[in-house]
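Contents: one structure, followed by commentary.
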Amino acid sequence: MLRACLIVGLLSNIGALVIAFLVVGSGFKEKTQQLEEATAAKTTAEGNERTAKQNEKKALDEQKKLVAERDQLADEFRTASNDLQSTRRRLKEVSDNLITSNEERETARAGLARWNATSVTIEQINQLKIDLKSAREEKEALAGENTILERNTRILQRKLAAFEGDKEPKVTLPAGLKGKIVAIDPKHDFVILNIGSEQGAEERGEMLVNRAGKLVAKVRLTKVHSDRSIANILPEWKQSDVVEGDAVISGL
Numbered sequence: 000m001l002r003a004c005l006i007v008g009l010l011s012n013i014g015a016l017v018i019a020f021l022v023v024g025s026g027f028k029e030k031t032q033q034l035e036e037a038t039a040a041k042t043t044a045e046g047n048e049r050t051a052k053q054n055e056k057k058a059l060d061e062q063k064k065l066v067a068e069r070d071q072l073a074d075e076f077r078t079a080s081n082d083l084q085s086t087r088r089r090l091k092e093v094s095d096n097l098i099t100s101n102e103e104r105e106t107a108r109a110g111l112a113r114w115n116a117t118s119v120t121i122e123q124i125n126q127l128k129i130d131l132k133s134a135r136e137e138k139e140a141l142a143g144e145n146t147i148l149e150r151n152t153r154i155l156q157r158k159l160a161a162f163e164g165d166k167e168p169k170v171t172l173p174a175g176l177k178g179k180i181v182a183i184d185p186k187h188d189f190v191i192l193n194i195g196s197e198q199g200a201e202e203r204g205e206m207l208v209n210r211a212g213k214l215v216a217k218v219r220l221t222k223v224h225s226d227r228s229i230a231n232i233l234p235e236w237k238q239s240d241v242v243e244g245d246a247v248i249s250g251l
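In numbering that gives the first Met the number 0, the protein residues as written are 0 to 251.
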């Protein structure tokens, strides 16, 4: 009887231990799962924070780059404007010198008939001719340089306006600018012209296409090289198909 009681007591203790183990094991598993979830949430939050910091740094770097580009463009524009003013002053000086040289030349011619009776010599007259030729050449060179600077200034003005979000000013091509269409891509409605920056062509400038005195279409220059340009045909101005050999002139 005593043995039976001991066995029953022992079994009861074992049962209690098993139940306690199961309860503790269930709680441990739940706590472990909660810890894993908390760890995963922390990892995700840290990853999101790193991504946010990276995006913020990237945005700041891009902003600094844009500010630097804007400042550089503004500096180029100021430099071009100063160069243009300087060239205009030099051009005026050369023009004044040319007028003076012309007056001196006329004076020399008047005195040539009586040079023996005056102090003007043949050598002086020849030197005046040389000086006059040199002054004319310098004026022509400065006039060409002035044209290039004016064109570059206009281009910089348009780029600066576009960078600052303003509407790009209309491009006005030189009056009397003429050329011909030398190639056509009918599929994409663009043409190649035989004129370029050396003739005064500029990007976004517009030209009329005519054939035998009749308006055919209107094109806008999109890419300008030194001796040729690429232009798009404006659909709203297209009267008929453009062909090679059609003439182009600067429009209004």
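From the three backbone atoms N, C-alpha and C, an ideal C-beta is built for every residue, glycine too.
Within this structure, are the beta carbons of residue i and residue j separated by less than 8 angstroms?
i, j, result
"isoleucine 194", "alanine 200", "yes"
"arginine 209", "valine 218", "One detail in the question is off: residue 209 reads as asparagine in this sequence, not arginine. Their beta carbons are not under 8 angstroms apart, which means asparagine 209 does not touch valine 218 by this criterion."
"valine 215", "serine 239", "yes"
"alanine 134", "asparagine 96", "yes"
"isoleucine 183", "valine 241", "yes"
"aspartate 226", "leucine 148", "no"
"leucine 90", "lysine 138", "yes"
Please report the Cβ distance between residue i and residue j, rounded to the nearest whole angstrom; I am assuming they are in contact, meaning their Cβ atoms lie under 8 angstroms.
i, j, result
"leucine 233", "methionine 206", "Not quite, the Cβ-Cβ distance comes to about 10 angstroms (not below 8 angstroms), so this is no contact."
"leucine 196", "threonine 152", "This sequence places serine at residue 196; leucine is not what is there. Serine 196 to threonine 152, Cβ: 14 angstroms. No contact."
Roughly how many angstroms lie between the CA atoms of residue i and residue j, to the nearest whole one?
i, j, result
"valine 247", "aspartate 188", "16 angstroms"
"alanine 39", "glutamine 53", "21 angstroms"
"glutamate 243", "glycine 178", "12 angstroms"
"alanine 73", "aspartate 60", "20 angstroms"
"lysine 132", "threonine 78", "31 angstroms"
"glutamate 103", "glutamine 123", "11 angstroms"
"glycine 212", "glycine 175", "15 angstroms"
"glutamine 32", "glycine 46", "21 angstroms"
"glutamate 48", "lysine 41", "10 angstroms"
"leucine 34", "alanine 51", "26 angstroms"
"glutamine 198", "isoleucine 229", "14 angstroms"
"aspartate 130", "glutamate 136", "10 angstroms"
"tryptophan 236", "glutamate 202", "19 angstroms"
"leucine 127", "glutamate 75", "40 angstroms"
"alanine 58", "alanine 44", "21 angstroms"
"asparagine 125", "arginine 108", "11 angstroms"
"alanine 37", "glutamate 29", "12 angstroms"
"isoleucine 98", "aspartate 245", "43 angstroms"
"glutamate 55", "lysine 63", "12 angstroms"
"arginine 87", "isoleucine 121", "35 angstroms"
"proline 185", "glutamine 71", "40 angstroms"
"glutamate 105", "alanine 140", "24 angstroms"
Use the C-beta contact count for residue i: other C-beta atoms within 10 angstroms, 16 or more gives buried, fewer gives exposed.
i, result
"valine 223", "buried"
"isoleucine 180", "buried"
"leucine 65", "exposed"
"arginine 69", "exposed"
"serine 100", "buried"
"leucine 220", "buried"
"glycine 204", "buried"
"serine 85", "exposed"
Tell me the residue span of the beta strand (DSSP E) that contains residue i.
i, result
"leucine 220", "213 to 223"
"lysine 179", "177 to 184"
"glutamate 205", "205 to 210"
"valine 247", "246 to 249"
"asparagine 231", "228 to 232"
"leucine 192", "189 to 192"
Given 7 angstroms as the limit, tell me if residue i has its C-beta closer than that to any heavy atom belonging to the ligand MG.
i, result
"alanine 67", "Among the ligands in the structure shown, none appear at all, so the ligand MG cannot be discussed."
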